[in-house]
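Have a look at the structure below, then the notes.
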Ligand code: NAP
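In our numbering, the protein residues as written are 90 to 645.
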């Protein structure tokens, strides 16, 4: 379809085959993949640069917790051979540099529109077309819409009383100033001890005059054991990259290089078990640890052994035992919240200029002009406050867009009781709208780029199938959607995940429905299942033509 931009008069209008919301890792791969099919595509990105999560999260110490050789695109053998990662785990600047390299190498930039937020998306059921509107009034007409807006892209600053009156500076991990922040000589408060807080705390502690960490819930963290890339290891990895990617695709986390466990933690004696945990602790990384035994995420008793090992490490590292006990998580089994990776996190609490405050027993009451006051009446004088308080995860970005159809479906209403999707890819009542790594997808529980590539390939193959079948409409059936949501929850209920108050179930947002959102049955199982559904003529979807009545059994 020709590009019909009219930039000369009034707000522009554009016609596309596929409109993509988001210019991060998912949006960029979608441009590449769909453009190769001859489709006109364009991605709309709210940021002033590409990269999504890696564009916004520039806080000190921001680094991926999946090894670089795994956390990278696999779609181009030349790319994965050429790119050299300097360290075992990529820092935010390194990953952003990589994403920019990919955009240039595959000429993706010309189809990304920066500084553009999509505010609404309306599907006209008669015209069979999406109309997206941007924050500057531009309209985009597209046959298909791909939501690649990210899962952790709606930063959340808690609604603390008095924040406006604070005369120091405050920051959120996911909205970090591009010029960086120098905390030298300042009294800093960090609120939040999830992955972001745990990464930034050691670095801020080294800069600040004094750092107070406000912890509501202790999280488990393992040493990353980051190091410069071992070039011999890299050479060996690259020599068999394709085979390694294939092997990774056959694992639950889409991460290769770890022998699959064969025994229950309860089948081995305590000494042997602790030896095994110690080896994993020394190796570094979260997958290795969770792969120690088959049942760490499904059997509480087994998990207790792995949790207690880490609690003992915390007790052995942190000198002040009261602080150590506060840092040792006891309210959730290890791995049921995102397992953090750190460099010197627990050691940081041995510094004279760092204090840990228990914001569970004495919650933050308000921000004051000069700092913060707890409900118990304690006051903290602060020059800067950092909110490492997370995101409105998985649904936040889509709920910010007014998504509806001319038939009266409204996404926010459809999801009022929690997100409903079929395969995490489509929502019933919203034809021709695909989601990448949304709720119901395994995305956030996997090496994210593998899930992104798998979903985008699935979507591209689906659009190709429609084209070749002379069809132009696809929609998930309400029954398939209900069955999938039930399956996602049944799988979660067969694990220990629901025992944690995590963002996986919306527990970090007051008032958000508690529904387990990610599919935790594993990337491998999901990939096989979603591909089998496509092979069966898109079972659970209604396929149709613009003018004709829907045809459920359209064959190739
Ligand atoms: P998060 O895991 O949601 O952690 C937010 C923290 O803020 C929690 O400790 C939370 O306590 C606390 N908090 C929220 N509201 C609070 C309040 N009113 N008072 C006191 N504490 C409050 O967010 P995140 O650390 O940004 O991480 C989000 C996700 O992003 C991660 O799970 C991970 O998937 C991803 N991430 C990955 C990396 C990496 O690759 N290394 C790095 C950063 C982030 P509660 O637990 O009590 O709610």
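A virtual CB, placed ideally from N, CA and C, is assigned to each residue, including glycine. A quick note: this is a predicted structure, and the numbers were derived from the prediction, not measured.
Within the 7 angstroms Cβ cut-off, does residue i reach chain C?
i: residue 399; result: Note that chain C does not occur in the displayed structure, where there is just one protein chain.
According to the neighbour-count rule (16 or more other Cβ atoms, all chains shown, within 10 Å of its Cβ), is residue i buried or exposed?
i: residue 267; result: exposed
i: residue 481; result: buried
i: residue 625; result: exposed
i: residue 533; result: buried
i: residue 458; result: exposed
i: residue 559; result: exposed
i: residue 251; result: exposed
i: residue 430; result: buried
i: residue 181; result: buried
i: residue 630; result: buried
i: residue 299; result: buried
i: residue 154; result: buried
i: residue 93; result: In this prediction, residue 93 has a pLDDT of 41, which is less than 50 and means its spatial position is unreliable; nothing more can be read from the coordinates.
i: residue 356; result: exposed
i: residue 439; result: exposed
i: residue 452; result: exposed
i: residue 242; result: buried
i: residue 97; result: For residue 97, the pLDDT reaches just 42, beneath the cut-off of 50, and the residue's location in the model is therefore unreliable, although a value from the coordinates is still provided. That one is exposed.
i: residue 263; result: buried
i: residue 441; result: exposed
Report back the beta-carbon spacing between residue i and residue j to the nearest angstrom; my notes put them in contact at under 8 angstroms.
i: residue 520; j: residue 318; result: Not confirmed; about 46 angstroms, so no contact.
i: residue 514; j: residue 547; result: 7 angstroms
i: residue 280; j: residue 523; result: No, residue 280 and residue 523 are not in contact; Cβ-Cβ is about 36 angstroms, not under 8 angstroms.
i: residue 382; j: residue 391; result: 6 angstroms
i: residue 282; j: residue 304; result: 5 angstroms
i: residue 538; j: residue 162; result: 6 angstroms
i: residue 205; j: residue 135; result: 7 angstroms
i: residue 417; j: residue 231; result: So it is not a contact: roughly 51 angstroms between Cβ atoms.
i: residue 354; j: residue 364; result: Residue 354 to residue 364, Cβ: 13 angstroms. No contact.
i: residue 530; j: residue 517; result: Their Cβ separation, rounded to whole angstroms, is 16 angstroms, which puts residue 530 and residue 517 out of contact at 8 angstroms.
i: residue 239; j: residue 596; result: With 8 angstroms as the limit, residue 239 and residue 596 do not qualify as a contact, their Cβ atoms being about 20 angstroms apart.
i: residue 376; j: residue 342; result: 6 angstroms
i: residue 112; j: residue 203; result: 7 angstroms
i: residue 373; j: residue 313; result: 5 angstroms
i: residue 378; j: residue 311; result: 6 angstroms
Name the one or two DSSP bridge partners that residue i has.
i: residue 460; result: 470
i: residue 492; result: 210
i: residue 231; result: 105, 219
i: residue 250; result: 455
i: residue 261; result: 476
i: residue 633; result: 562
i: residue 278; result: 301, 474
i: residue 180; result: 152
i: residue 444; result: 301
i: residue 524; result: 236
i: residue 511; result: 515
i: residue 390; result: BP columns for residue 390 are empty, so no partner.
i: residue 499; result: 493
i: residue 201; result: 132
i: residue 599; result: Its beta-bridge partners do not exist; DSSP assigns none.
i: residue 244; result: 480
i: residue 317; result: 176
Specify, as a first and last residue, the run of the beta strand (DSSP E) that residue i falls within.
i: residue 106; result: 102–110
i: residue 304; result: 299–304
i: residue 430; result: 429–431
i: residue 286; result: Looking at the DSSP string, residue 286 is not in any beta strand (DSSP E); the run it does join, the alpha helix (DSSP H), is 284–296.
i: residue 622; result: Premise fails: residue 622 lies in the alpha helix (DSSP H), 612–624, not in any beta strand (DSSP E).
Taking the alpha helix (DSSP H) that residue i belongs to, which residues open and close that run?
i: residue 118; result: 114–124
i: residue 568; result: 567–582
i: residue 312; result: Looking at the DSSP string, residue 312 is not in any alpha helix (DSSP H); the run it does join, the beta strand (DSSP E), is 310–312.
i: residue 486; result: 485–488
i: residue 554; result: 537–557
i: residue 129; result: Residue 129 -> no alpha helix (DSSP H), and no H or E assigned at all.
i: residue 379; result: 375–379
i: residue 365; result: 359–372
i: residue 144; result: 142–145
i: residue 449; result: Taken as a continuous stretch (DSSP letters only), residue 449 belongs to no alpha helix (DSSP H), as it is neither H nor E.
i: residue 326; result: 320–328
i: residue 383; result: Counting along the chain, residue 383 falls outside any alpha helix (DSSP H), and DSSP gives it neither H nor E.
i: residue 158; result: Per DSSP, residue 158 belongs to no alpha helix (DSSP H) and is neither H nor E.
i: residue 170; result: 166–171
i: residue 412; result: 410–416
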